[in-house]
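Asks: Input: one structure, supplied below.
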Amino acid sequence: MTIHHRGRDARSRLRSVHQPEAAAPGGSSPTSAGSLTRRSLLGAGAALALAPGAASAAGTGARAAGGVPLGGAIQAEFMEVDPGYKQAFLDHCDLIMPMNGLKFSLVHPAPDQWNFEPADRVVDFALQNDRLSRGTCHVWWGATPDWVERLDTPAAAEAALVDHIERIGDRYKGRLTGWDVVNEVIANDPASEGPLRQTVWLEKLGPKHIPIAFAASARADPQARLVINDYDLEFVGPRFDARREIMLGIVRQLQDGNVPVHSVGMQGHLYAGRQIDKEGLERFHKELDRLGVGLMVTELDIIDWETPPSNAAQDKTAYELVSDLLDAIFAWKPPQAVTVWGITDRYSWVPDVLPRPDGHPDRPLPLDRDLRPKPWMELLKSRLRAG
Ligand code: XIL
Numbered sequence: 000m001t002i003h004h005r006g007r008d009a010r011s012r013l014r015s016v017h018q019p020e021a022a023a024p025g026g027s028s029p030t031s032a033g034s035l036t037r038r039s040l041l042g043a044g045a046a047l048a049l050a051p052g053a054a055s056a057a058g059t060g061a062r063a064a065g066g067v068p069l070g071g072a073i074q075a076e077f078m079e080v081d082p083g084y085k086q087a088f089l090d091h092c093d094l095i096m097p098m099n100g101l102k103f104s105l106v107h108p109a110p111d112q113w114n115f116e117p118a119d120r121v122v123d124f125a126l127q128n129d130r131l132s133r134g135t136c137h138v139w140w141g142a143t144p145d146w147v148e149r150l151d152t153p154a155a156a157e158a159a160l161v162d163h164i165e166r167i168g169d170r171y172k173g174r175l176t177g178w179d180v181v182n183e184v185i186a187n188d189p190a191s192e193g194p195l196r197q198t199v200w201l202e203k204l205g206p207k208h209i210p211i212a213f214a215a216s217a218r219a220d221p222q223a224r225l226v227i228n229d230y231d232l233e234f235v236g237p238r239f240d241a242r243r244e245i246m247l248g249i250v251r252q253l254q255d256g257n258v259p260v261h262s263v264g265m266q267g268h269l270y271a272g273r274q275i276d277k278e279g280l281e282r283f284h285k286e287l288d289r290l291g292v293g294l295m296v297t298e299l300d301i302i303d304w305e306t307p308p309s310n311a312a313q314d315k316t317a318y319e320l321v322s323d324l325l326d327a328i329f330a331w332k333p334p335q336a337v338t339v340w341g342i343t344d345r346y347s348w349v350p351d352v353l354p355r356p357d358g359h360p361d362r363p364l365p366l367d368r369d370l371r372p373k374p375w376m377e378l379l380k381s382r383l384r385a386g
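Residues 0 to 386 in numbering that gives the first Met the number 0 are what the sequence shown spells out, letter by letter.
This is how it looks when you write it as structure tokens:
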């Protein structure tokens, strides 16, 4: 499923976000992540505090018997037309979640219009087969419907956000182990853009849209594990250090405001040509743990465009990246789950948004186009099984 409402535009914006070479949008004054104060991001958020303990019981559901759950995000539109694709999730995954069906613009395209069918199909499929499922995502710049963009007062924007989250959270209560409540709220390049990404939600409500979304999610489903999800948290370099610091800052400020946040989701779109920051990631994981917050990998895949065009070379790069990522995370403790973003190279956002410049087929996922597991699938399974 693609994000239809904006087609090409949405794709090119996604590309500029995930492309390492992307020029930083100008206009805003540079703010170094190091200068963030404890309350500078979410100032008004404390007003949204829940009663102490109101949502302390982060839904467990994160750990399947015998290890760390392996999740897979499925595209509902291919489930019935491609039985092999559907079966592959049963063959390999403990958790099966809708890749797109719960994104705001798809599930709630107009104020009075809800489209639950694609997500329901996936969630029913997961639960009927004794798998877990989870939801993504309430707040994401890439799936904000036009009608939300047109809301012209902060009160109207807040009411729309809260109503959306409460209705959808309530509808799936008890069926999803948790939610990516906010996705990609950290600036792509904090040094030039300031800590938070410029989005419709930031423009309309300021940083407090983050605690508003978490508090509403907790009210809607007090057992749900609430996740703040973002990309580019795992590599070596000042931009990635800054993004990790900002993530910790947001988590601390939510906690200071008594707003529940249970896990950080690291998307894990891994780029050939980048290095996993093993020490940095271990420190990050340790600090989250000290704060009582878990870590999960939510959208694992490989962007292999800087790898020579051969299956063997691409798969070797993928294996090394995944191996380094798992080493870095497990160095402190097992993650709560690892979810791959799709399962087979047949269907992925990567060739659509980040295609190889040489035109050679990308190999982003753990099963090839014929559904054969690559070496990194075996690695992933054995590490997760051992827990
Ligand atoms: C992508 C999906 O994979 C595509 O099918 C869809 O058309 C657009 O969104 N980061 C995210 C995901 O958080 O939600 C994106 O998923 C990929 C990048």
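For glycine and all other residues, C-beta sits at the position ideal for the given N, C-alpha and C.
All figures in this text were calculated on a predicted structure; none of them were measured in a lab.
On the three-pair Cβ rule with 8 Å, is the stretch 158-174 touching the stretch 182-192?
Replies: By the criterion of at least three beta-carbon pairs nearer than 8 Å, the stretch 158-174 is not in contact with the stretch 182-192.
Asks: Excluding the five sequence neighbours on either side, which residues of its own chain have a C-beta within less than 7 Å of the C-beta of Val296, listed in chain order?
Replies: Taking the first residue of the sequence shown as position 1, residue 296 is located at position 297. Only Met265, Gly267, Pro334, Val337 and Thr338 meet the Cβ criterion.
Asks: On the premise that Ala118 lies in contact with Gly100, defined as a C-beta separation below 8 Å, what is that separation, rounded to the nearest angstrom?
Replies: Taking the sequence shown and counting its residues from 1, the one referred to as residue 100 is at position 101. Taking the sequence shown and counting its residues from 1, the one referred to as residue 118 is at position 119. Their Cβ separation, rounded to whole angstroms, is 3 Å, which keeps Gly100 and Ala118 in contact under 8 Å.
Asks: With DSSP collapsed to three states, give me the class of Trp113.
Replies: Numbered from its first residue, the sequence shown carries residue 113 at position 114. Note: Trp113 maps to coil in three-state DSSP.
Asks: Following a CB-centred definition, is Asn128 positioned closer than 6 Å to any heavy atom of the ligand XIL?
Replies: Here residue 128 is taken as the residue at index 129 of the sequence shown, counted from 1. Not under cutoff, so the answer is no.
Asks: Check each candidate in Gly66, His208 and Leu294 and name the one with the smallest Cα separation from Glu233.
Replies: The residue given as residue 233 occupies position 234 in the sequence shown. Of the listed residues, the one whose Cα sits closest to Glu233 is Leu294.
Asks: Under a Cβ-count criterion, where at least 16 other Cβ atoms within 10 Å of its own Cβ denotes burial, should Ala154 be classed as buried or exposed?
Replies: Position 155 of the sequence shown, counting from 1, holds the residue named residue 154. So Ala154 ends up on the exposed side.
Asks: I'd like to confirm something about Asn182: is its beta-carbon nearer than 6 Å to some heavy atom of the ligand XIL, or not?
Replies: As a position in the sequence shown, residue 182 is number 183, starting the count at 1. Checking the 6 Å criterion, the Cβ of Asn182 is within range of a heavy atom belonging to the ligand XIL.
Asks: Note down the Cα distance separating Arg362 from Pro82, rounded to an integer number of angstroms.
Replies: Residue numbering aside, residue 362 sits at position 363 when the sequence shown is read from its first letter. Residue numbering aside, residue 82 sits at position 83 when the sequence shown is read from its first letter. Approximately 21 Å between the Cα atoms of the pair.
Asks: Is it buried or exposed for Ser381, if we count other Cβ within 10 angstroms and need 16 for buried?
Replies: Mapped onto the sequence shown, residue 381 falls at position 382. With fewer than 16 Cβ atoms within 10 Å of its Cβ, Ser381 is classed as exposed.
Asks: Less than 7 Å between the beta carbons of Leu383 and Leu150, yes or no?
Replies: Position 384 of the sequence shown holds residue 383. Position 151 of the sequence shown holds residue 150. Taking C-beta atoms as the reference points, Leu383 and Leu150 fail to come closer than 7 Å.
Asks: Using only alpha-carbon positions, find the residue among Ile167, Ile249, Tyr270 and Pro259 that is nearest to Val349.
Replies: Counting from one through the sequence shown, the residue named residue 349 turns up at place 350. If we check each option's Cα against that of Val349, Tyr270 comes out closest.
Asks: Just reading off the beta strand (DSSP E) that Arg371 is part of, what are its end residues?
Replies: Along the sequence shown, one-based indexing puts residue 371 at 372. Element bounds for Arg371: n/a, residue is neither H nor E.
Asks: Among Lys207, Arg196, Leu126 and Asn114, which residue has its Cα nearest to the Cα of Leu160?
Replies: The sequence position of residue 160 within the sequence shown is 161, counting from 1. Nearest of Lys207, Arg196, Leu126 and Asn114 to Leu160, Cα basis: Lys207.
Asks: Taking Ile249 as part of the beta strand (DSSP E), name the residues at either end of that continuous run.
Replies: For the purposes of this step, residue 249 is identified with residue 250 of the sequence shown, where counting begins at 1. It is not in any beta strand (DSSP E) - Ile249 instead sits in the alpha helix (DSSP H) that spans Pro237 to Asp255.
Asks: Secondary structure at Thr338, three-state DSSP: helix, strand or coil?
Replies: Counting from 1 along the sequence shown, the entry for residue 338 is found at position 339. Correct three-state label for Thr338: strand.
Asks: Can you tell me which of Val352, Gly291, Phe329 and Ala317 puts its alpha carbon nearest to the alpha carbon of Glu377?
Replies: For this step, residue 377 is matched to residue 378 along the sequence shown. Nearest option by C-alpha distance: Ala317.
Asks: Under a three-way DSSP split, which group does Glu298 fall into?
Replies: Translated into the one-based positions of the sequence shown, residue 298 becomes position 299. If DSSP states are grouped into helix, strand and coil, Glu298 belongs with the strands.
Asks: With distances taken Cα to Cα, identify the nearest neighbour of Ile301 among Asp162, Phe283, Tyr230 and Trp178.
Replies: Your numbering for residue 301 matches position 302 in the sequence shown. Ile301 has its Cα closest to that of Tyr230, out of Asp162, Phe283, Tyr230 and Trp178.
Asks: Report all residues from its chain with a CB closer than 6 Å to the CB of Ala45; omit the five preceding and five following residues, and keep chain order.
Replies: Position 46 of the sequence shown holds residue 45. For Ala45, the pLDDT reaches just 39, beneath the cut-off of 50, and the residue's location in the model is therefore unreliable, leaving the point undetermined.
Asks: Among the residues of its own chain, which have a CB less than 8 Å from the CB of Asp344, if the five just before and after it don't count?
Replies: To locate residue 344, count along the sequence shown from 1; it is residue 345. Here the set comprises Pro360, Asp361, Arg362, Pro363, Leu364, Leu366, Asp367 and Arg368.
Asks: So Trp113 and Val106 are supposed to be a Cβ contact under 8 Å. How far apart are they, rounded?
Replies: One-based indexing of the sequence shown puts residue 113 at position 114. One-based indexing of the sequence shown puts residue 106 at position 107. Their Cβ separation, rounded to whole angstroms, is 6 Å, which keeps Trp113 and Val106 in contact under 8 Å.
Asks: Quick check: what's the CA-CA separation for Asn182 versus Val292?
Replies: Locating residue 182 in the sequence shown gives position 183, where the first residue counts as 1. Locating residue 292 in the sequence shown gives position 293, where the first residue counts as 1. So the alpha carbons of these two residues sit roughly 17 Å apart.
Asks: If you measure from the beta carbon of Val161 to each beta carbon in chain C, is any gap under 7 Å?
Replies: The structure shown contains no chain C, having only a single protein chain.
Asks: Across which residues does DSSP place Phe234 in a beta bridge pair?
Replies: Residue mapping note: residue 234 aligns to position 235 of the sequence shown, counting from 1. Bridge partners of Phe234: Ile275.
Asks: Any idea what DSSP makes of Thr176, helix, strand or coil?
Replies: The residue given as residue 176 occupies position 177 in the sequence shown. Coil, per DSSP.
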